[in-house]
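**Q** Residue 1413 is where the sequence shown starts when you use the numbering used here, and the numbers rise one by one after that. Cβ coordinates follow ideal geometry from the N, Cα and C atoms, glycine included. Take this structure first; my questions come after.
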Amino acid sequence: MRSTIKDVARLAGVAPSTVSRVIQNASSISEPTKKRVRQAMEELSYYPNQYARGLVSRKTQAMGLILPNESAAFYRNPFFAACVKGINDEASQCGYTITLSSGSDLNSRIEGVKRLVLGRQVDGLIFLYSDTEDPILKYVIDQHFPSVVIGKPDSYYMSFVDNDNQRAAYDATKALIERGAKQLTFIGGMSSLVVVQDRLAGFKRAMEEAGLEVKEDRIISDFRFASSVGERLAKEMVEAKRHDAFLFVDELVAQGFQQAWYQLTDLPLLAVTFKSFPAEPFITGSFLPYVDIHVNDLGRTAVKLLKQVISDGEDGVYRYYHEIIPHDFVLSGRDLCHSKAGLKKKGQTDCPLKRRTC
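The structure is reproduced here in structure tokens:
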């Protein structure tokens, strides 16, 4: 027979109303009481009826996750896997479920979001991307629906969590310049993505401060994040013989580039990439130095912010929260420059950077 809230209350030695408040994670309930009630729930295999609770509270205890335009990228790029893990871990702790929303084209994506918003199927939305002039984001803002963007939206009237991508790209580019690079190449992605724009701005600032010319043919953009793109670009760069260092916006592109580079040439690769998770060697014994943007923390923080935005909305208050997650530099060995074996070549000096939080 299925356990009830009264059974939990009886076992925990509290009132049914206290069990209800524990389920809602109310701050008015002490931690020892919460622990005792949760143990009783676990012992009785009791799961709250979210539908019934929603009828009373007009809350679904669900958050909608809005996927990027190219939904295939969601399954291919490790950024999204790491981000969703953080979102799911935090949401589970807070008693929320996650509902995914995607579509094959813009119209179907907009319709999917409208169903979530107008049908009150979720209490709030988390956007897994930030695009300029996004009609979906504009719709949500116009509806005053609780939402958070992972990334930096082009509207102030939206809560978001992000890294300081300009600063991170600036620091990485400066490290490459200090290592002796003169002909640096920026390998970005779709130029409509705010993250690509911000990292390009940081790249340009470091170049200009160093007195180095930023040539348009060394800014490579408008392509999807995929290892096959990196393989193609590596072939082009090796044949051109006029690029001595690279800053990668995306780790998938960097992975394909590095693998192809070592197949095409014995020259060491001087490069830094952005990365979503602790390093795994792209090839035996070597991985590129990278900027760790702590994607799991981005996901967890997005849930925390959305909870606050939802709570504010219940009080008729509209606040916008903007939070920045620090980044780290992580090096392979102590040098930015890698050969096939991942070892410094004779005469190379140590990298000016050690792992640090920025």
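Below 8 angstroms, can you find three or more Cβ-Cβ pairs linking the segment 1702 to 1715 to the segment 1622 to 1637?
**A** With the cut-off at 8 angstroms, the segment 1702 to 1715 and the segment 1622 to 1637 do not touch.
**Q** Would you kindly report the start and end of the unbroken beta strand (DSSP E) that includes Leu1596?
**A** Locating residue 1596 in the sequence shown gives position 184, counting from the first residue. That run of the beta strand (DSSP E) goes Leu1596 to Ile1599.
**Q** Thr1544: buried (16+ other C-beta within 10 angstroms of its C-beta) or exposed?
**A** The residue labelled residue 1544 in the question sits at position 132 within the sequence shown. With fewer than 16 Cβ atoms within 10 Å of its Cβ, Thr1544 is classed as exposed.
**Q** With DSSP collapsed to three states, give me the class of Tyr1702.
**A** On the sequence shown, position 290 is the one that residue 1702 refers to. In this structure, Tyr1702 counts as strand in the three-state DSSP scheme.
**Q** Do Leu1682 and Phe1598 count as a contact pair if the criterion is CB distance below 8 angstroms?
**A** Walking along the sequence shown from the start, residue 1598 turns up at place 186. Walking along the sequence shown from the start, residue 1682 turns up at place 270. Result no, Cβ atoms of Phe1598 and Leu1682 do not sit closer than 8 angstroms.
**Q** For Gln1609, count neighbouring Cβ atoms within 10 angstroms of its own Cβ and tell me buried if that reaches 16, exposed if not.
**A** Position 197 of the sequence shown, counting from 1, holds the residue named residue 1609. Buried.
**Q** Within the segment 1473 to 1557, note down every full beta strand (DSSP E) run reaching 3 residues or more, in order along the chain.
**A** Segments of the beta strand (DSSP E) lying fully in the segment 1473 to 1557: 1474 to 1478, 1509 to 1513 and 1536 to 1539.
**Q** Output yes or no for whether 8 angstroms exceeds the beta carbon distance between Tyr1568 and Tyr1733.
**A** Against the sequence shown, residue 1568 aligns to sequence position 156. Against the sequence shown, residue 1733 aligns to sequence position 321. Not closer than 8 angstroms, so no.
**Q** Following the continuous alpha helix (DSSP H) through Phe1669, name the residue where it begins and the one where it ends.
**A** Indexing the sequence shown from 1 puts residue 1669 at position 257. It spans Glu1663 to Leu1676 - the alpha helix (DSSP H) in which Phe1669 sits, taken as one unbroken run.
**Q** Have a look at Arg1521 and Arg1414 and give me their C-alpha separation to the nearest angstrom.
**A** Residue numbering aside, residue 1521 sits at position 109 when the sequence shown is read from its first letter. Residue numbering aside, residue 1414 sits at position 2 when the sequence shown is read from its first letter. Those two C-alpha atoms are separated by around 39 angstroms.
**Q** Checking the sheet assignment: what are the DSSP bridge partners for Gly1641?
**A** Start at 1 with the first residue of the sequence shown, and residue 1641 comes out as number 229. Inspection of the sequence shows that residue 1641 is occupied by Val rather than by Gly. Per DSSP, none; premise fails for Val1641.
**Q** What are the boundary residues of the beta strand (DSSP E) that includes Ile1736?
**A** As a first step, residue 1736 is located in the sequence shown; it is residue number 324 there, counting from the start. Taken as a continuous stretch (DSSP letters only), the beta strand (DSSP E) holding Ile1736 covers His1734 to Ile1736.
**Q** With a threshold of 6 angstroms on Cβ separation, who are the neighbours of Ile1737 within its own chain once the five nearest residues in sequence on each side are excluded?
**A** Taking the first residue of the sequence shown as 1, we reach residue 1737 at position 325. Same-chain partners within the cutoff: Asn1575, His1706, Asp1709 and Leu1710.
**Q** According to DSSP, simplified to helix, strand and coil, what is Thr1685?
**A** On the sequence shown, position 273 is the one that residue 1685 refers to. Strand.
**Q** Please report how far the alpha carbon of Tyr1487 lies from the alpha carbon of Ala1493, in whole angstroms.
**A** On the sequence shown, position 75 is the one that residue 1487 refers to. On the sequence shown, position 81 is the one that residue 1493 refers to. Going from the Cα of Tyr1487 to the Cα of Ala1493 covers about 7 angstroms.
**Q** Taking only three categories from DSSP, how would you classify Ile1631?
**A** As a working note, residue 1631 is residue 219 in the sequence shown. Here Ile1631 sits in strand by DSSP.
**Q** Bridge partners for Ala1421 per DSSP, in chain order?
**A** Position 9 of the sequence shown holds residue 1421. Ala1421 pairs with nothing; no bridge assigned.
**Q** Just the C-alpha distance for Tyr1541 and Lys1594, rounded to the nearest angstrom, thanks.
**A** Within the sequence shown, the letter at position 129 stands for residue 1541. Within the sequence shown, the letter at position 182 stands for residue 1594. The alpha-carbon atoms of Tyr1541 and Lys1594 are separated by roughly 33 angstroms.
**Q** Which same chain residues end up closer than 6 angstroms to Gly1498 when comparing Cβ atoms and leaving out the 5 residues on each side of it in sequence?
**A** Walking along the sequence shown from the start, residue 1498 turns up at place 86. Contacts found: Asn1708, Gly1711 and Arg1712.
**Q** Rounded to whole angstroms, how far is the Cβ of Leu1528 from the Cβ of Ser1504, which I believe are closer than 8 angstroms?
**A** Looking up residue 1528 in the sequence shown gives position 116. Looking up residue 1504 in the sequence shown gives position 92. In fact, because the Cβ distance is near 20 angstroms, the residues do not count as touching under 8 angstroms.
**Q** Along the chain, where does the beta strand (DSSP E) containing Ile1562 start, and where does it finish?
**A** Locating residue 1562 in the sequence shown gives position 150, counting from the first residue. Ser1559 to Ile1562 is the extent of the beta strand (DSSP E) around Ile1562.
**Q** Applying the criterion that 16 or more other CB atoms from any shown protein chain within 10 Å of the CB defines a buried residue, is Arg1654 buried or exposed?
**A** What you label residue 1654 is simply residue 242 of the sequence shown in a count that begins at 1. Counting Cβ neighbours within 10 Å, Arg1654 comes out exposed, since fewer than 16 surround it.
**Q** Could you give the distance in angstroms between the alpha-carbon of Ala1613 and the alpha-carbon of Ser1571?
**A** Reading the sequence shown from its first residue, position 201 is the one you call residue 1613. Reading the sequence shown from its first residue, position 159 is the one you call residue 1571. In a straight line, the C-alpha of Ala1613 is about 22 angstroms away from that of Ser1571.
**Q** For Cys1506 and Asn1437, what's the separation of their Cα atoms in angstroms?
**A** The residue you call residue 1506 lines up with position 94 of the sequence shown. The residue you call residue 1437 lines up with position 25 of the sequence shown. Cα-Cα distance, rounded: 7 angstroms.
**Q** Taking the beta strand (DSSP E) that Asp1574 falls in, what are its first and last residues?
**A** The residue labelled residue 1574 in the question sits at position 162 within the sequence shown. Residues Ser1571 to Asp1574.
**Q** Just the C-alpha distance for Ser1640 and Phe1686, rounded to the nearest angstrom, thanks.
**A** Reading the sequence shown from its first residue, position 228 is the one you call residue 1640. Reading the sequence shown from its first residue, position 274 is the one you call residue 1686. Their Cα atoms are separated by approximately 17 angstroms.
**Q** Go to Asp1740, then tell me how far its beta strand (DSSP E) extends in each direction, as first and last residue.
**A** Here residue 1740 refers to the residue found at position 328 when the sequence shown is read from its first residue. Taken as a continuous stretch (DSSP letters only), the beta strand (DSSP E) holding Asp1740 covers Asp1740 to Val1742.
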